[in-house]
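Q: The structure that follows is given in the form of structure tokens.
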Amino acid sequence: MTAPIAFLDGPWWPYLALLLFAVIPTEMWRWLAVAFARRLDDGSPWLEWVRLVATALLAGVVAKLMLTPPGVLAEVPLFVRLAAIAVPVATVLLTNRRVMLAVVAAEAVLIGGAWWLI
């Protein structure tokens, strides 16, 4: 059996693994995106397509979490979860697209409904 590498056997190895396998690969793509994004036109059809795909992916993840929730969220009644979707949509439409206000409204409905009913 090989002796372990002293540096990797200490308390710092999880941080090294996190840096090597999570931070560096992610940051590499972010920096490449920044380098290439400088040359993109804000109104280009390709960038509009990327925005639409990103929005659709986010909507799909939110819908999946609300309709088939994991863990403790499954204990929250369906009507509260659906209200936590409807209230921020109405907030965005009524407040001139203020997204942060909509996020706070969604959290308030979900946390308040869970606290009140569970």
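Using this note's numbering, read the sequence shown as starting at 12 and increasing by one per residue.
Glycine included, every Cβ here is placed at the ideal spot set by N, Cα and C.
#1: Just the Cα atoms here: how many angstroms apart are residue 87 and residue 128?
#2: From what residue to what residue does the alpha helix (DSSP H) around residue 122 run?
#3: Helix or strand or just coil, what does DSSP make of residue 50?
#4: Thinking residue 102 and residue 125 are a contact (beta carbons under 8 Å), I'd like their distance in whole angstroms, please.
#5: Output the distance between the C-alpha atoms of residue 52 and residue 123, rounded to the nearest integer angstrom.
#6: Residue 62 to residue 56, Cα distance in whole Å?
#7: Go ahead and pull the three-state DSSP assignment for residue 79.
#8: Taking buried to mean at least 16 other C-beta atoms within 10 Å of its own C-beta, is residue 6 buried or exposed?
#9: Given a cut-off of 8 Å on the beta-carbon distance, is the pair residue 96 and residue 77 in contact?
#10: Identify the continuous alpha helix (DSSP H) that holds residue 24 and give its terminal residues.
A: On the basis of the coordinates in this document:
#1: CA-to-CA, the gap between residue 87 and residue 128 works out to about 8 Å.
#2: Looking at the DSSP string, the run of the alpha helix (DSSP H) that includes residue 122 is 110–128.
#3: Coil at residue 50, not helix or strand.
#4: Here residue 102 is actually not in contact with residue 125; their C-beta atoms are around 19 Å apart, not less than 8 Å.
#5: For residue 52 and residue 123, the distance between alpha carbons rounds to 43 Å.
#6: Taking the straight line joining both Cα atoms gives about 10 Å.
#7: Here residue 79 sits in coil by DSSP.
#8: Outside the shown range of the chain, which is 12 to 129, sits residue 6, and nothing can be said about it.
#9: Yes, Cβ-Cβ distance for residue 96 and residue 77 is below 8 Å.
#10: 24–29 is the extent of the alpha helix (DSSP H) around residue 24.
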